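A short worksheet on the structure shown next.
Residue numbers (my numbering): 4 to 298.
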């Protein structure tokens with residue numbers, strides 16, 4: 004019998020299939036907590052970006068990003084995170100939090116590749132801040148993360164250039180971005196009451212690691228990570244994903260909503276293929292007040 008009740012059915016299935024139940028149980032003791040440690044609180048205070056998973060009224064996850072100068076994230080105590088920044092104009096995150104208070108977070112320090120994941124519940128919000136109650140927190144390794152320098156620039160002039168467009172298939176601009184992408188972020192959700200929660204995680208690789216099958220389908224190989232199977236476990240139980248691609252050359256955001264299918268390979272302990280059938284593409288032009296430099 005499994006020792007820990009932190010995992011849901013999808014995570015348990017994939018852990019068992021990969022033969023890592025004992026490892027996952029041990030890691031849950033070491034890595035997963037229901038609060039932010041002092042070190043994690045200090046880490047969030049250093050960041051100028053925060054990646055967010057939210058869920059719309061149809062229980063479909065979306066991936067977003069929020070930005071601010073270091074210090075825009077604060078921790079009143081170990082159980083709460085305060086985000087002192089407005090939601091980016093045109094981002095469906097603003098609408099989603101009116102329907103579902105469950106949110107997932109990924110804090111990533113781009114130049115050091117340090118990251119931390121968190122799940123929580125929105126308590127209060129206004130136009131310029133959100134207060135989150137922490138339900139789960141864990142550290143992540145830096146594997147597959149491309150280091151970048153990120154600097155906040157003047158946000159007043161930047162907001163005037165934001166434009167929002169929506170597509171249902173991959174256009175040439177997005178196709179070109181995919182071909183050179185070394186990073187994307189994936190949001191997922193588990194809707195069942197006992198383990199309900201949103202999650203967002205990072206996926207990275209050499210340019211070309213995300214492949215285009217046709218005008219509405221993306222494919223990538225998912226390699227062995229921390230053996231918890233949080234993202235894939237959610238996709239197994241609730242096969243919908245939200246993707247976020249950043250065009251680091253101009254700070255355009257591409258938010259993708261899709262249906263996910265996990266395809267087992269002969270070497271299933273090492274790799275699975277994830278096929279993502281796109282239903283919506285939202286492009287937010289000049290969305291970020293961040294300048295990026297590859298390191």
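We treat Cβ as the ideally placed atom computed from N, Cα and C, and that holds for glycine. In this text the structure is predicted, and so the values were computed from the model without any measurement.
query: Please tell me whether residue 149 and residue 186 are closer than 8 angstroms, where the distance is taken between their beta carbons.; result: yes
query: Quick one: Cα of residue 172 to Cα of residue 215, how far?; result: 11 angstroms
query: Would you kindly report the start and end of the unbroken beta strand (DSSP E) that includes residue 208?; result: Taken as a continuous stretch (DSSP letters only), residue 208 belongs to no beta strand (DSSP E), as it is neither H nor E.
query: Given this structure, state the Cα-to-Cα distance separating residue 58 from residue 210, to the nearest angstrom.; result: 29 angstroms
query: By how many angstroms is the C-alpha of residue 255 removed from the C-alpha of residue 288?; result: 4 angstroms
query: Grab me the residues of residue 36's own chain with a C-beta within less than 8 angstroms of its C-beta, minus the 5 sequence neighbours each way, in chain order.; result: 139, 140, 141
query: Kindly give me the distance between the Cβ atoms of residue 68 and residue 52, rounded to whole angstroms, as I take these residues to be in contact under 8 angstroms.; result: 6 angstroms
query: Assign residue 182 to buried or exposed, taking buried as 16 or more other Cβ atoms, counted over all protein chains shown, within 10 Å of its Cβ.; result: exposed
query: In the stretch 12–40, which residue ranges form an unbroken alpha helix (DSSP H) of at least 4 residues, counting only runs that do not cross its ends?; result: 12–21, 24–34
query: Just to confirm, are residue 91 and residue 75 a CB contact at a threshold of 8 angstroms?; result: no
query: Pick out whichever of 234, 117, 152, 108 has its Cα sitting closest to the Cα of residue 135.; result: 108
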